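Quick note on the UniProt record's numbering: the sequence shown kicks off at 1 and runs consecutively.
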Amino acid sequence: MSFYPHSCPRNLHQNPWRCALLPRRQGYYSQLLLHEAKIYEILREHPHPNLGQSLGCVVGEDGRLEGLALLKYKTTLSERAHDISFGLGQREKCIAAIKSVLEHLHSLGLAHNDLSPSNIMFTDKGEPVLLDFDACHPVGTELDKGGHVGDWQGISRVVYKESSTECDLKALEYLDTWLKNKYEEMKESISNE
1 MSFYPHSCPR
11 NLHQNPWRCA
21 LLPRRQGYYS
31 QLLLHEAKIY
41 EILREHPHPN
51 LGQSLGCVVG
61 EDGRLEGLAL
71 LKYKTTLSER
81 AHDISFGLGQ
91 REKCIAAIKS
101 VLEHLHSLGL
111 AHNDLSPSNI
121 MFTDKGEPVL
131 LDFDACHPVG
141 TELDKGGHVG
151 DWQGISRVVY
161 KESSTECDLK
171 ALEYLDTWLK
181 NKYEEMKESI
191 SNE
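In structure tokens:
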């Protein structure tokens with residue numbers, strides 16, 4: 001097994017959209033892993049401070065992709081949202097940072113298509129980062145994963161069949177509402193004690 005730091009094998013780096021798995025490993029999860037590696041290669045070439053970072057690829061002795069090495073983050077937005085010390089101002093800054101990273105993806109012709117509280121984590125310095133790019137595709141691509149907006153804690157669900165900036169922006173709108181509502185619920189709960 002080999003580790004390719006800061007980059008994946010040369011065939012991914014040279015042309016990430018043309019690399020394919022060998023027939024023996026054409027399972028669904030293998031394809032998702034390869035797709036996510038391709039996206040991380042594109043993002044490595046077009047960085048943004050609020051994008052999760054790939055440290056490289058893990059490649060088996062047979063030359064096949066076996067995993068991604070990602071920078072480790074400790075806390076999800078889902079966890080932070082339930083913490084009253086994560087104030088309204090911090091929540092607004094978080095949404096602004098995620099909006100910025102989505103605009104960056106959109107400028108590259110990509111949409112994330114899976115924005116949720118579980119796919120946003122925080123650095124040690126408290127900066128939000130967007131992760132989980134297996135549903136990220138060029139805008140207009142038919143989706144077989146992702147495209148489901150909402151469906152967390154009372155937020156109604158909307159489904160998109162194609163990769164789109166609209167999917168990301170609707171998810172961001174829902175996320176903003178959910179974060180603010182969660183804060184108000186906790187604040188009210190504390191004042192009622």
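Cβ atoms here follow ideal geometry from the backbone N, Cα and C, with glycine treated the same way. In this text, all values refer to a predicted model and were calculated from it rather than measured experimentally.
Rounded to the nearest angstrom, what separates residue i and residue j at their Cα positions?
i	j	result
K180	N50	21 Å
C57	S163	25 Å
E127	Y40	19 Å
H48	E193	42 Å
residue 206	T165	In the structure displayed, the chain extends from 1 to 193; residue 206 sits before or after that span and is not available.
G87	Y73	20 Å
P23	E142	Any reading at P23 must be qualified, since the residue scores a pLDDT of 39, below 50, and its modelled position is unreliable; the value itself is stated next. Roughly 23 Å separates the two Cα atoms.
R44	S191	46 Å
Y29	E66	11 Å
S78	G27	30 Å
A37	L131	12 Å
L108	H82	33 Å
C136	Q31	13 Å
L175	T76	13 Å
G140	I98	21 Å
C167	V158	9 Å
T123	A96	16 Å
Look up residue i in the DSSP assignment and say whether it is helix, strand or coil.
i	result
S85	coil
E142	strand
C94	helix
E166	helix
T177	helix
Using the rule of at least 16 other Cβ atoms within 10 Å of the residue's Cβ for burial, across every protein chain shown, is residue i buried or exposed?
i	result
G117	Contrary to the premise, residue 117 reads as Pro rather than Gly in this sequence. Buried: at least 16 other Cβ atoms inside 10 Å.
P138	exposed
S54	buried
E184	exposed
H46	exposed
D144	exposed
R80	buried
Between the options, which lies nearest to residue i when the distance is taken from Cα to Cα?
i	options	result
D114	H148, L102, E142	H148
L70	E166, K170, L33	L33
K187	L110, S107, D134, I84	I84
N119	L172, L65, E45, S191	L172
L68	H35, H82, I95	H35
Inter-stretch contact at 8 Å, needing at least 3 Cβ pairs: the stretch 88-95 / the stretch 167-182 | Yes: at least three Cβ pairs fall under 8 Å.
Touching or not, the stretch 102-112 and the stretch 57-68, by the rule of three or more beta carbon pairs under 8 Å?
-> The stretch 102-112 makes no contact with the stretch 57-68, as fewer than three CB pairs between them are under 8 Å.
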